[in-house]
Amino acid sequence: MSDPNNPNIQSRETPQWDNEGEVPPFSTEPGDLEDLAKRSLTIGGWYSYTHLANRQAFYRHRIIPRMLVNTNKHDTATSIFGHKVSAPIGFAPIGINKIYHPLGELPATIVAAELNLPYCLSTAGSTPIEDVGKAISNGPRFFQPAHESGFTACILTLDTCQLAWRHHDAAELNYAFYHRTGADLRLSDPVFQKRLKEAGIDPVKQPNEAGAMWIDNVWYGRAGGKPFCLKGIQSVEDAKKGFELGVDGIVVSNHAGRQADGAIASLDALERIVAAVGDKTYIMFDSGVRSASDVFKALALGAKFVFVGRLWVWGLSIKGELGVRHVMKSLLADFDILMNVAGYQNVDQIKRESIDSLPNSAAMIAENSRL
Numbered sequence: 087m088s089d090p091n092n093p094n095i096q097s098r099e100t101p102q103w104d105n106e107g108e109v110p111p112f113s114t115e116p117g118d119l120e121d122l123a124k125r126s127l128t129i130g131g132w133y134s135y136t137h138l139a140n141r142q143a144f145y146r147h148r149i150i151p152r153m154l155v156n157t158n159k160h161d162t163a164t165s166i167f168g169h170k171v172s173a174p175i176g177f178a179p180i181g182i183n184k185i186y187h188p189l190g191e192l193p194a195t196i197v198a199a200e201l202n203l204p205y206c207l208s209t210a211g212s213t214p215i216e217d218v219g220k221a222i223s224n225g226p227r228f229f230q231p232a233h234e235s236g237f238t239a240c241i242l243t244l245d246t247c248q249l250a251w252r253h254h255d256a257a258e259l260n261y262a263f264y265h266r267t268g269a270d271l272r273l274s275d276p277v278f279q280k281r282l283k284e285a286g287i288d289p290v291k292q293p294n295e296a297g298a299m300w301i302d303n304v305w306y307g308r309a310g311g312k313p314f315c316l317k318g319i320q321s322v323e324d325a326k327k328g329f330e331l332g333v334d335g336i337v338v339s340n341h342a343g344r345q346a347d348g349a350i351a352s353l354d355a356l357e358r359i360v361a362a363v364g365d366k367t368y369i370m371f372d373s374g375v376r377s378a379s380d381v382f383k384a385l386a387l388g389a390k391f392v393f394v395g396r397l398w399v400w401g402l403s404i405k406g407e408l409g410v411r412h413v414m415k416s417l418l419a420d421f422d423i424l425m426n427v428a429g430y431q432n433v434d435q436i437k438r439e440s441i442d443s444l445p446n447s448a449a450m451i452a453e454n455s456r457l
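For the sequence shown, the working numbering begins at 87 and goes up steadily by one.
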């Protein structure tokens, strides 16, 4: 499928399944998707994902459609660190994918490369860096130590120096890291292994010391001259400090609300941070994204790029690679159609005046609603 007026249409899903005598694999409505994923996962793989603040923040903003605009020709493409991609949407780093699917990170990496979207490999990934690098082929990919595997940027996550207290994880003994699932990814790096040996550190018996050395290596190595970003920024002060330290970008994120309980919504932090450093550094966003309208709102509030996590993980748990592909192509279709019907010819036209906003004190969804 190709369309000169819509150059990225081949990356998106088509709603015309019936024309080909087919039916969609499953519904991608976020509530339905969550329910399907919950039925597919074991109790150890299902996290308690209630993030009321993140979702309420999105509901407080409303898109202002434009009608007297010719969108017969429109383009969802953008660039990130010099790489042209099909949309301002990327695969957020999510760890231990093998608790969601036996093939771990590989299905998502294959789909990311196919759709020309950035893929972020988590430090807690459960598939060797080298294998992920091969699967992504020519697509942009972010990680710390993997230059030889073709990774093109580094994102250092700041907000997981310690896992937060998570009631359901504690009750269900859901700590895969203790069994080395997702905790040994960096140990495949021979250079890091050599440095551990020289320092007299046994990573099995001294995981904290090994982790501290890992962070030091990443921070002082600064990704070997490739783009280096900080993820987990929520305060203006930290955003300013990141700029002073010379990082290439920041990801405004509250780890999907699973670290500091009671923290502000990422979307509420975004606009303040954009106002402070938006003209000085590249600002990305994640946490709570469920739909194309959420992506649009984050862009309107000043993010240059938006990462999604839960959606593709749900697809992975339901139908593996096919599920990830269906979810992400549907999200791209949603975004492409939204730009068309809302009257935007390209991503750069999405500005602060593209949305109307209620005050932060406005609660738009009831606390007992399904998120």
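Here a beta-carbon is modelled for each residue, glycine too, at the ideal position from N, C-alpha and C.
Determine the direct distance from the alpha carbon of residue j to that of residue i, and round the result to whole angstroms.
i           : j           : result
residue 404 : residue 190 : 13 Å
residue 131 : residue 187 : Here residue 131 scores only 41 on pLDDT, less than 50, and its place in the model should not be relied on; the value that follows carries that caveat. Taking the straight line joining both Cα atoms gives about 10 Å.
residue 123 : residue 284 : 45 Å
residue 320 : residue 180 : 19 Å
residue 443 : residue 210 : 37 Å
residue 350 : residue 138 : 10 Å
residue 108 : residue 417 : 19 Å
residue 453 : residue 121 : Note on residue 453: pLDDT 48, under 50, position unreliable in the model; the coordinate value appears next. Near 18 Å, if we compare the C-alpha coordinates of residue 121 and residue 453.
residue 329 : residue 361 : 13 Å
residue 159 : residue 433 : 13 Å
residue 315 : residue 150 : 32 Å
residue 279 : residue 212 : 18 Å
residue 291 : residue 214 : 22 Å
residue 348 : residue 340 : 10 Å
residue 286 : residue 196 : 38 Å
residue 421 : residue 311 : 33 Å
residue 448 : residue 430 : 28 Å
residue 95  : residue 216 : 31 Å
residue 440 : residue 352 : 19 Å
residue 394 : residue 370 : 11 Å
residue 99  : residue 208 : 27 Å
residue 89  : residue 222 : 26 Å
residue 385 : residue 168 : 18 Å
According to DSSP, which residues form a beta bridge with residue i?
i           : result
residue 314 : 240
residue 443 : 147
residue 113 : In the DSSP output, where bridge partners are listed per residue, residue 113 has none listed.
residue 370 : 337, 391
residue 177 : 205, 394
residue 359 : DSSP output for residue 359 lists no bridge partner at all.
residue 94  : Answer is none; residue 94 lacks a bridge partner.
residue 166 : 169
residue 432 : 161
residue 404 : Residue 404 is not bridged to any residue.
residue 319 : 338
Whose C-beta lies closer than 7 Å to the C-beta of residue i among residues of the same chain, with five residues either side of it excluded?
i           : result
residue 424 : 378, 379, 382
residue 363 : 325, 326, 329
residue 366 : 329
residue 170 : 163
residue 91  : 158, 159
Of the residues the options, which one's Cα is nearest the Cα of residue i?
i           : options            : result
residue 399 : 91, 126, 93        : 126
residue 240 : 117, 433, 313      : 313
residue 174 : 415, 392, 440, 427 : 392
residue 116 : 413, 426, 286      : 413
residue 396 : 112, 372, 437      : 372
residue 166 : 334, 407, 438      : 334
residue 437 : 389, 243, 311      : 389
residue 376 : 169, 144, 317, 111 : 144
residue 415 : 217, 113, 91       : 113
residue 323 : 311, 359, 219      : 359
residue 332 : 154, 90, 222, 368  : 368
residue 155 : 353, 435, 168, 446 : 435
residue 445 : 99, 148, 90        : 148
residue 426 : 89, 168, 157, 222  : 157
Once you ignore the five residues that flank residue i on each side, which residues in its own chain have a CB closer than 8 Å to its CB?
i           : result
residue 465 : For residue 465 there is no data in the structure shown, the boundaries of the chain being 87 and 457.
residue 402 : 183, 186, 187, 193, 194, 409, 410
residue 118 : 112
residue 406 : 187, 189, 193
Could you check how far apart the C-beta atoms of residue i and residue j are, in whole angstroms? I think they sit under 8 Å.
i           : j           : result
residue 337 : residue 355 : About 11 Å separates the two Cβ atoms, so there is no contact after all.
residue 152 : residue 428 : 7 Å
residue 244 : residue 317 : 6 Å
Enumerate in chain order the residues of its own chain whose CB-to-CB distance from residue i is below 6 Å, with the five nearest sequence positions on each side excluded.
i           : result
residue 387 : 356, 357
residue 97  : 172, 201, 418
Under 8 Å, Cβ to Cβ, is there at least one residue of chain B near residue i?
i           : result
residue 312 : Absence of chain B from the displayed structure is noted, only one protein chain being present.
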